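Protein chains: 2
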Amino acid sequence: IAKEVAKLLEMKAQLGGDEGKHKFVLKTPKGTRDYSPKQMAIRERVFDAIITCFKRHGAEVIDTPVFELKETLTGKYGEDSKLIYDLKDQGGELLSLRYDLTVPFARYLAMNKITNIKRYHIAKVYRRDNPAMTRGRYREFYQCDFDIAGQFDPMIPDAECLKIVHEILSDLQLGDFLIKVNDRRILDGMFAVCGVPDSKFRTICSSVDKLDKMPWEEVRSEMVGEKGLSPEAADRIGDYVQLHGGLDLIERLLQDPKLSQNKLAKEGLGDMKLLFEYLTLFGITGKISFDLSLARGLDYYTGVIFEAVLLQQENDHVEEPVSVGSVAGGGRYDGLVGMFDPKGRKVPCVGVSIGIERIFSILEQRVEASEEKIRTTETQVLVASAQKKLLEERLKLVAELWDAGIKAEVLYKKNPKLLNQLQYCEDTGIPLVAIVGEQELKDGVIKLRVVATREEVNVRRESLVEEIRMRTSQP
Amino acid sequence: IAKEVAKLLEMKAQLGGDEGKHKFVLKTPKGTRDYSPKQMAIRERVFDAIITCFKRHGAEVIDTPVFELKETLTGKYGEDSKLIYDLKDQGGELLSLRYDLTVPFARYLAMNKITNIKRYHIAKVYRRDNPAMTRGRYREFYQCDFDIAGQFDPMIPDAECLKIVHEILSDLQLGDFLIKVNDRRILDGMFAVCGVPDSKFRTICSSVDKLDKMPWEEVRSEMVGEKGLSPEAADRIGDYVQLHGGLDLIERLLQDPKLSQNKLAKEGLGDMKLLFEYLTLFGITGKISFDLSLARGLDYYTGVIFEAVLLQQENDHVEEPVSVGSVAGGGRYDGLVGMFDPKGRKVPCVGVSIGIERIFSILEQRVEASEEKIRTTETQVLVASAQKKLLEERLKLVAELWDAGIKAEVLYKKNPKLLNQLQYCEDTGIPLVAIVGEQELKDGVIKLRVVATREEVNVRRESLVEEIRMRTSQP
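Protein chains in written order, with my numbering: chain A, 35 to 509; chain B, 35 to 509.
Below, the structure is given as structure tokens:
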């Protein structure tokens, strides 16, 4: 601790050295950021598309606290547990910031004895990971989760989760994408028939999970060198994890002399076949790939797992589309709720989590490139005056408009220049100006100016609200 | 720490004792809660009213991280700083959960060199306070903040903040309310003329702040006993803090032989007069009270301060309306941004914070009492079947509807009973059922049933989307 404090004091001195009284660092914590109004406008668009889709599929919404009892999160994330943010022990309970929305959801279900729900939850989660902010990897980031809990006939909710990913990624027009699908039971069956000892399943699974970032040779040497797997077993795994395809591959593996002898693998492959039949009915198999290299890091998955990746745009002249990173993932976790239930009662669950940071980065860059002007307010009219000493009249009029539900602003100056008021409308995209003047006040009218065309009309004060509504209603 | 751990272990043993493998406590952290779908529906209504108002006044929106560097929060909250949640030192920066949205806003302005903005921010804040959850006091709670930053003519933005509080509390129909207004400069001037030493201003101000919860006699004895103020000074303060009124009181105090000699008090009273003139133009003075006992706890206020309280409903047969607690507060803080600027450049700010927890409690109780049925989903149609073996047809149809933007559900059963499907609609408020049957499939039609009236019509499949839209469009 002493070393850390010394380091911090040094940093402080460095950054605030020129001003004795301001010794602090003016920044957001590592791996976090603010959202400006313009960024918020883009973020709202993304949320809107996602929420619309979740509601289209009949989901309710819940919310949970940003922190949980530390023990609620313990033993749920495997090797990733070291990335959990803990709160300082200030007396009382030991708390941690939530690492995802899935474990709090499972805790919520067990606590309220809910055995059947379809819900979404959009909130920030926290991971003390190495941030790579240009690539959209943060320590504080949003997850948009949709989950179906309950005992149902196999693979119908699982198929709906994939349909949802497909709808959202299509709606957002992010370019080409691919949804990779696998099953934990197929992975475990594969490990078994390849000769991986039971005790090494989870850790070998973590190695396989790295295949999207590392070539097979490196993953193999991690398995053999660090994790003590026999080279023969590793090579057998290597043969399987290269496979990806559709119904044809599933059929082939169902005939595979080794896999077909393994109970778990057989179950997983049977369900995978059923899943692909439902996905065919949904008309989305074109973007789905059954991929034996997909492992997913989290400990709690028990069945189907999946991950959606954006493919590089075609205009980049590369021969084959390259993955530019995962934007959604999920799977089935039938045991998690039971871990919280005092009697261990299980509630089968399957769900999907959309990660918006990477999506947001792409859309933000696109907006920058297109020079599209994004409005960050919705103001319909600025109440202005051309002459001096009309502040009181402006305030009276703007209050009338507010009370009628019109989105209106007024400059906070006693005697602003008309030019400055018009400029403010240009800058912020306000379409109309309601100008009060002495003569107009006597005549009982307001001059309404259309900013874009400079057209001006006198409107009777009692008709002003209606006129503004008419001129600013969305077609 | 050892003692705390022992205590926790004991608690664990107590609560999970009957089941060896489930030793944890199944709860949310102290002072926090989950929101169920029904509660979320009410919360969304409240947010909607608040956001609509903020947008009506031309505000942009920003977001900031849930934690800040610890030093960003240091020295901003006076005596309340002890309530800040710190994160555990896990290496790297020292972090704290935000205590309000105002200090992060000031940090954001200084960091981005913004001197002029009108923004809102709705987010959770954290205080290690003694929770009183039935009265709506939590350790994790929402603040809905609207602030105006920039150098403007006096009291125009301040008046708009009060107008906003008035609009929101009126819109939400929470019953009668009162907005108390004071000014830090009037308080400081009052302390000076009463003989409070400069060094005791802040601590005596904290005592005055307790007048809404304690009788004057107790506050007086805190001032004299704990804080070492002379009894004479305390009595002089006692005379002032009983005063409340409107423009008449302001005029009287401007003539007060002692206060009128104090520069700060005179400035404050002059601005208070201007504020009331603007509030008169806004037509809201009926619910505004200039109240010399209002102090507000936070250190950073420099000018106008205010607080809105709900008054007890008249039907409770009490003689005088009694305050049932604060639901909004705010004020001017012209020095806070300068505390973050490396060169100390000031950006004058004024803002309001709406606290929704208490409002939410009231609305939740009202919904419970009224037996109003709140829908927690927006599903327009359930795709059902009367016969067996039609799962595939149901899945095909529901995907067609989703792709057309219809909010649709299907039960996750291979062969659900029609009665169960209709019951599901009754339970969740789904207004329409699209029933697929073998004969209908042959005829190219779908049977559309209106749940409320039991009316059934055959609709050609290609017209189904339009028919559902027509029947579920809001009037």
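Backbone N, C-alpha and C define an ideal beta-carbon position, used for all residues, glycine too.
Quantities reported herein were computed from a predicted structural model and do not represent experimental measurements.
At the C-beta level, Phe316(B) and Leu283(B) stay beyond 9 angstroms of one another. Residue Arg428(A) holds the alpha-carbon nearest to the alpha-carbon of Glu472(A) among Arg428(A), Asp305(A), Ala486(A) and Cys459(A).
In this structure the region 230–241 of chain B does not lie against the region 296–310 of chain B, because fewer than three pairs of beta carbons, one per stretch, are closer than 8 angstroms.
Per DSSP, reduced to three states, the secondary structure at Tyr69(A) is strand. Contact annotation for Val59(A) against chain B: Leu103, Glu105, Thr106 and Glu127 [CB-CB distance below 9 angstroms, chain order]. Between the region 86–100 of chain B and the region 429–438 of chain B there are fewer than three inter-stretch CB-CB distances shorter than 8 angstroms, so the stretches are not counted as touching. Taken through DSSP and simplified to helix, strand or coil, His200(A) comes out as helix. Within a 10 Å sphere around the beta-carbon of Asn492(A) sit fewer than 16 other beta-carbons, which makes this residue exposed. Glu174(A) sits in a strand when the DSSP states are folded into three classes. By the CB criterion at 9 angstroms, Lys481(B) and Glu490(B) fall inside the cutoff.
The DSSP-derived three-state label of Asn454(A) is helix. From the beta-carbon of Gln124(A), the residues of chain B found nearer than 8 angstroms are Tyr119, Asp120 and Arg162. Pairing Asp217(A) with Ala226(A) gives a Cβ-Cβ distance that is not under 9 angstroms. Pairwise C-beta distances place the region 334–345 of chain B in contact with the region 204–221 of chain B, as three or more of them are shorter than 8 angstroms. Residues of chain A with a Cβ closer than 7 angstroms to the Cβ of Ile96(B) are, in chain order, Asp68, Tyr69, Ser70, Pro71 and Met74. Under the three-state reduction of DSSP, Asp179(A) is assigned to strand. Of Trp436(A), Lys247(A), Gly112(A) and Gly369(A), the smallest CA-CA separation from Phe235(A) is found for Gly112(A). Proximity of the region 401–411 of chain A to the region 372–386 of chain A falls short of the contact definition, fewer than three beta-carbon pairs being nearer than 8 angstroms. Residue range Phe211 to Asp217 is occupied by the beta strand (DSSP E) that includes Phe211(A). Ile35(A) reaches chain B at Asp123, counting residues in chain order whose Cβ is nearer than 7 angstroms. Within the region 411–427 of chain B, the residues whose Cβ lies closer than 7 angstroms to any Cβ of chain A are, in chain order, Thr411, Glu412, Thr413 and Glu426.
As summarised for the region 91–133 of chain A, the continuous beta strand (DSSP E) elements at least 3 residues long and confined to that stretch are 101–103 and 129–131, given in chain order. For the options Leu281(B), Ile393(B), Leu466(B) and Glu251(B), the alpha carbon positioned closest to that of Ala268(B) is the one of Glu251(B). Looking at the backbone, the Cα of Phe175(A) and that of Thr86(A) are separated by about 20 angstroms.
Bounds of the alpha helix (DSSP H) holding Ala433(B) are Leu425 to Asp437.
With fewer than 16 other Cβ atoms inside 10 Å of its own Cβ, Asp82(A) counts as exposed. Cα atoms of Leu131(A) and Pro382(B): separation of roughly 34 angstroms, rounded to the nearest angstrom. For Leu429(B), at least one C-beta of chain A is nearer than 9 angstroms to its own C-beta. By the rule that beta-carbons nearer than 9 angstroms mark a contact, Gly439(B) touches chain A. Note that the C-beta distance between Leu103(A) and Glu78(A) is not below 9 angstroms. In this structure, the beta-carbon distance from Val417(A) to Ala468(A) falls below 9 angstroms.
By the Cβ criterion, the region 58–72 of chain A is not in contact with the region 178–188 of chain A, since fewer than three pairs of Cβ atoms, one from each stretch, lie closer than 8 angstroms.
Shortest Cα-Cα distance from Arg219(B) to any of Phe88(B), Gly385(B), Tyr334(B) and Leu206(B) involves Tyr334(B). Lys321(B) has a beta carbon lying at 9 angstroms or more from every beta carbon in chain A. Among the residues of chain A, those whose CB is under 7 angstroms from the CB of Val100(B) are Val100, Lys158 and Glu174, following chain order.
Contact of Met257(A) with chain B is not assigned, every C-beta pair being separated by 9 angstroms or more.
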